[in-house]
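Each residue of the sequence shown is one higher than the one before, starting from 0 at the first, in numbering that gives the first Met the number 0.
Positions of the beta carbon are idealized from the N, C-alpha and C atoms, including for glycine.
Because the structure is a prediction, the values reported are computed rather than measured.
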Amino acid sequence: MAAKCGGSPNAPTKSPKFRSRDATRTQAEILAVAIDEFAEHGFHGARIDRITKAAKCNSRMIYHYFGGKEQLYIAALEDIFQQIRDQEAQLNFSVGDPVTKLNELVEFTFDYFKNNADFRKMTRNENALNGMYIARSAVMRDMSEPLIVAIRNLVERGYSSGVFSRKPDPAQLYLSIVALSAHHLNNAATLGIVVGQNLHDDAWQEERRQHAKDVILSYLGIQNH
């Protein structure tokens, strides 16, 4: 249940430190509700009044902290990508066996898409808009660059040591991992009928997860993994 975006009008005046803390918390509460709204209804279908009602605040707070619906939507996009980037950074590709670390990346990406429906919905909705709003983000490319650099260094380590037989472009490799992790989920309704499978079935998902690892590692020349 979302907390209220503000205190009692008769509450004692707070110090700047506490006001800053309340402002940060309020923005986070609005953003969390906004992500649910945008994920469910897309940019055009989302409504500010539903967001304010769910966050228990008034529209002035949204315009004060974010500037408007478009800016709030861009902030929501940035937030969902920051969440996955932060978790990817914890994998630490700079140390450890390259095969193990690449396996971890595939497993993490597959599981993240499977378990984060709002992320899938928001990215799918934004793709339907031809990336109109994500292109207006001032930080999106910068927040993704460390991941690409980390994958490049991982591939270089594996190739230099003779473990990998290929040295693919890191962006190409990552996009292949994403495709193997997300395409079946984004198109489950149609592909499930085409292939006669329930693509949300846990057992089928586990087979798909292993298939994704097999495809990526086999491409890099890893056998018997």
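Chain-order list of residues whose beta-carbon lies under 7 angstroms from that of ALA74 (same chain, five-residue window excluded):
LEU30 and PHE65
Using the rule of at least 16 other Cβ atoms within 10 Å of the residue's Cβ for burial, across every protein chain shown, is VAL194 buried or exposed?
exposed
Counting along the chain, where does the alpha helix (DSSP H) carrying ASN115 start and finish?
Neither: ASN115 is in no alpha helix (DSSP H) and is coded neither H nor E.
My output table needs one value for ALA45: the three-state DSSP class, helix, strand or coil.
coil
Rounding to the nearest angstrom, what Cα-Cα distance links ASP200 and LYS212 in this structure?
19 angstroms
Less than 7 angstroms between the beta carbons of ILE233 and VAL105, yes or no?
Beyond the ends of the chain as shown, which are 0 and 224, falls residue 233; an answer cannot be given.
At what residues does the alpha helix (DSSP H) containing HIS183 begin and finish?
169 to 185
Is ILE83 near TYR111, with beta carbons less than 7 angstroms apart?
yes
Quick one: what does DSSP say ASP21 is sitting in, helix, strand or coil?
helix
Three-state secondary structure (DSSP) of GLN78:
Checking the sequence shown, residue 78 turns out to be Asp, not Gln. The answer is helix: DSSP assigns ASP78 an H, G or I state.
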